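Following: one structure in structure tokens, then a few remarks.
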Amino acid sequence: MTAELKELASGACSAENKALPLKSQTVAQADVVQKVTLLASQNALPVHFIAGTAMVTPSGDLGKNGLVLNYEKELKKLGVWDDILPGAASTVTSVYGQMVSLPYQYNIEGIWFNKKIFDKLGLSEPTTFDELMADAGKIKDAGYTPFATDGKDAWPVTRLIGDYIFRSMGPDAMKDVQDGKAKLTDAKYVKAAAAVQQMAQDGYFGQGFVSTDAATATNAFLTGKAAMMYDGSWLLSNINDKSQDIIGSDNVGLMPFPAVAGGKGSIDQWPANAGAAMAMNPKDYGPKVGQWLKCIANNYGALALKKDGVVSGFKINKTVTNVDGPTKMVQKKVSDIKQTVLWFEALMDAKSTSLAQSNVSLLTTGQMTPKTYMSQLQAGIDANK
Numbered sequence: 008m009t010a011e012l013k014e015l016a017s018g019a020c021s022a023e024n025k026a027l028p029l030k031s032q033t034v035a036q037a038d039v040v041q042k043v044t045l046l047a048s049q050n051a052l053p054v055h056f057i058a059g060t061a062m063v064t065p066s067g068d069l070g071k072n073g074l075v076l077n078y079e080k081e082l083k084k085l086g087v088w089d090d091i092l093p094g095a096a097s098t099v100t101s102v103y104g105q106m107v108s109l110p111y112q113y114n115i116e117g118i119w120f121n122k123k124i125f126d127k128l129g130l131s132e133p134t135t136f137d138e139l140m141a142d143a144g145k146i147k148d149a150g151y152t153p154f155a156t157d158g159k160d161a162w163p164v165t166r167l168i169g170d171y172i173f174r175s176m177g178p179d180a181m182k183d184v185q186d187g188k189a190k191l192t193d194a195k196y197v198k199a200a201a202a203v204q205q206m207a208q209d210g211y212f213g214q215g216f217v218s219t220d221a222a223t224a225t226n227a228f229l230t231g232k233a234a235m236m237y238d239g240s241w242l243l244s245n246i247n248d249k250s251q252d253i254i255g256s257d258n259v260g261l262m263p264f265p266a267v268a269g270g271k272g273s274i275d276q277w278p279a280n281a282g283a284a285m286a287m288n289p290k291d292y293g294p295k296v297g298q299w300l301k302c303i304a305n306n307y308g309a310l311a312l313k314k315d316g317v318v319s320g321f322k323i324n325k326t327v328t329n330v331d332g333p334t335k336m337v338q339k340k341v342s343d344i345k346q347t348v349l350w351f352e353a354l355m356d357a358k359s360t361s362l363a364q365s366n367v368s369l370l371t372t373g374q375m376t377p378k379t380y381m382s383q384l385q386a387g388i389d390a391n392k
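With the working numbering applied, the sequence shown covers 8 to 392.
Here it is, written out as structure tokens:
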């Protein structure tokens, strides 16, 4: 992001940079919260800064003290609010409780699939979870791994639990747990854990998936050994690398997690995240900063796509040529999204997130029942409130 802002400073935003020269400082990720807290206490926050998620929420130290700019309000004044994609705005608001971050990093998550294998087996994109499971069975019978799965890092598996929950009970399902309106021990939540456990027991994640890392899972998908892979749009960096993508970019598709029978969620509500919080300091906000903000909103999307092949949460306002097919496909999907959902652990504290991911291997290998998995996780959430 720093390199892209510097390129804007010397190009599309050169006039803004002349009026207010860009200066940047890099801070180790582990030191961000401590440094931002210190600067805030000294009334010395930078104009534009990275911050910890909890800091910028309405109840966070920065949020409740008015130290984060309301981007929606200011971008509307500048006439460029439409340069923020609706799905990106939905995600930022869902994560932080307010529009206090710019979506430089915006990713959607879904099921990548091998079109060639699907065509060979006479399969089309499933629109329901039952259809997905039936297809997975046919894929396995044909000698392919249905889902290449990074079980070592665990989050790709817990994401599936979350997706099932959102499709079953709607986009506010995990917020209801956070607010105490529901518990993970409720039958419908437990059913999500049971569904993912069944996928593992049916062999849909492949042999030894618990110890499979991200690189191995990606390789299995891009070499045609696996028909599907749950991952985010950041996988484009691997897909667009011809040394990795053996199946060919024309054979790569991306579909949303399908609907659950009788569920309240919609297949159009893609899981998404918007990266780390990138806030602005309202105390230093003025006309010169506003012009920088306007220029970023107008130009960042096209620059990121052209320079790095990155899909961001900004509208593409310029024609970008020589974009790989999969990137075009994802950009189109991202542009069409109106509402997003979060991921399973998005609203959990760090300890609960760790518990969810460390226990999921016990769940999928049958060493822990779905009810026990959810009960332990709920207990952890309650203990850390």
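Where a beta carbon is used, it is the ideal one built from N, C-alpha and C, also for glycine. It should be emphasised that the depicted structure is a prediction, and the values quoted were computed from it without experimental measurement.
Item, Value
"Classification of Gly-213 by the beta-carbon crowding that lies within 10 angstroms, buried from 16 upward", "buried"
"Rounded distance between the beta-carbons of Met-181 and Leu-362, thought under 8 Å", "So it is not a contact: roughly 15 Å between Cβ atoms."
"Distance between beta carbons of Leu-128 and Lys-145, contact taken as under 8 Å", "6 Å"
"Distance between Met-262 and Glu-132 (C-alpha atoms, nearest Å)", "7 Å"
"Residues near Val-87 in its chain [Cβ-Cβ closer than 7 Å; skip 5 each side]", "Lys-301, Ala-304 and Asn-305"
"Endpoints, alpha helix (DSSP H) assigned at Pro-289", "Here Pro-289 belongs to no alpha helix (DSSP H), and DSSP marks it neither H nor E."
"Buried/exposed call for Asp-98, threshold 16 Cβ in 10 Å", "Here residue 98 is Thr; the residue named in the question, Asp, does not match the sequence. The residue in question, Thr-98, is buried, as its Cβ has 16 or more Cβ neighbours within 10 Å."
"Rounded Cβ spacing between Met-236 and Phe-154 (contact assumed at less than 8 Å)", "6 Å"
"Whole-angstrom C-beta distance between Pro-28 and Asp-170, which should lie under 8 Å", "About 45 Å; that fails the 8 Å criterion."
"Given Lys-358 as reference, the closest of Asn-391, Met-176 and Met-206 once Cα atoms are compared", "Asn-391"
"N-terminal and C-terminal residue of the beta strand (DSSP E) that Ile-115 is part of", "114-121"
"Limits of the beta strand (DSSP E) - the one that Ala-161 falls within", "Run containing Ala-161: none; DSSP gives neither H nor E here."
"Simplified DSSP state of Leu-27, which is helix, strand or coil", "coil"
"Residue interval of the beta strand (DSSP E) (run including Asp-7)", "Outside the modelled stretch of the chain, which goes from 8 to 392, sits residue 7, for which no answer is possible."
"Euclidean distance between Cα positions of Lys-475 and Gly-255", "Absent from the structure is residue 475, since the part of the chain shown begins at 8 and ends at 392."
"Three-state class that DSSP yields for Met-106 in the structure shown", "coil"
"Beta carbon proximity, Ser-21 to chain B, threshold 7 Å", "Within the model displayed, chain B is absent; a lone protein chain is all it includes."
"Strand pairing of Ile-91, partner residues [DSSP]", "Phe-321"
"Reference Asn-114; option with closest CA among Ala-207, Ser-240 and Lys-345", "Ser-240"
"Ala-279: first and last residue of the uninterrupted beta strand (DSSP E) it sits in", "277-280"
"CB contact flag (Gly-94, Thr-334, <7 Å)", "no"
"Alpha carbon of Leu-139 to alpha carbon of Pro-265, nearest angstrom", "7 Å"
"Spatial distance of Thr-230 from Ala-281 (CA atoms)", "29 Å"
"Cβ contact (3+ pairs, closer than 8 Å) linking the segment 56-74 and the segment 270-277", "no"
"Validate contact between the segment 188-202 and the segment 370-388 using beta carbons, cut 8 Å, 3 pairs", "yes"
"Beta bridge counterpart(s) of Gly-260 as assigned by DSSP", "Phe-120"
"As assigned by DSSP and simplified to three states, the class of Phe-154", "strand"
"Anticipated Cβ contact below 8 Å, Val-217 with Ser-368, distance rounded", "5 Å"
"Integer Cβ distance of Ala-234 from Ile-124, believed to fall under 8 Å", "4 Å"
"Any non-hydrogen atom of the ligand SAM closer than 6 Å to Lys-314 Cβ", "The ligand SAM is absent from the structure shown, which contains no ligands of any kind."
"In chain order, each alpha helix (DSSP H) run of at least 4 residues that lies wholly inside the segment 40-71", "60-63"
"Cβ pair Leu-52, Asn-324 closer than 7 Å", "no"
"Asn-391 - containing alpha helix (DSSP H), residue span", "Neither: Asn-391 is in no alpha helix (DSSP H) and is coded neither H nor E."
"Alpha helix (DSSP H) segment containing Glu-352, residue limits", "No alpha helix (DSSP H) contains Glu-352, which DSSP labels as neither H nor E."
"Alpha-carbon spacing of Val-327 relative to Asp-315, whole angstroms", "12 Å"
"Opening and closing residue of the alpha helix (DSSP H) in which Ala-19 lies", "Taken as a continuous stretch (DSSP letters only), Ala-19 belongs to no alpha helix (DSSP H), as it is neither H nor E."
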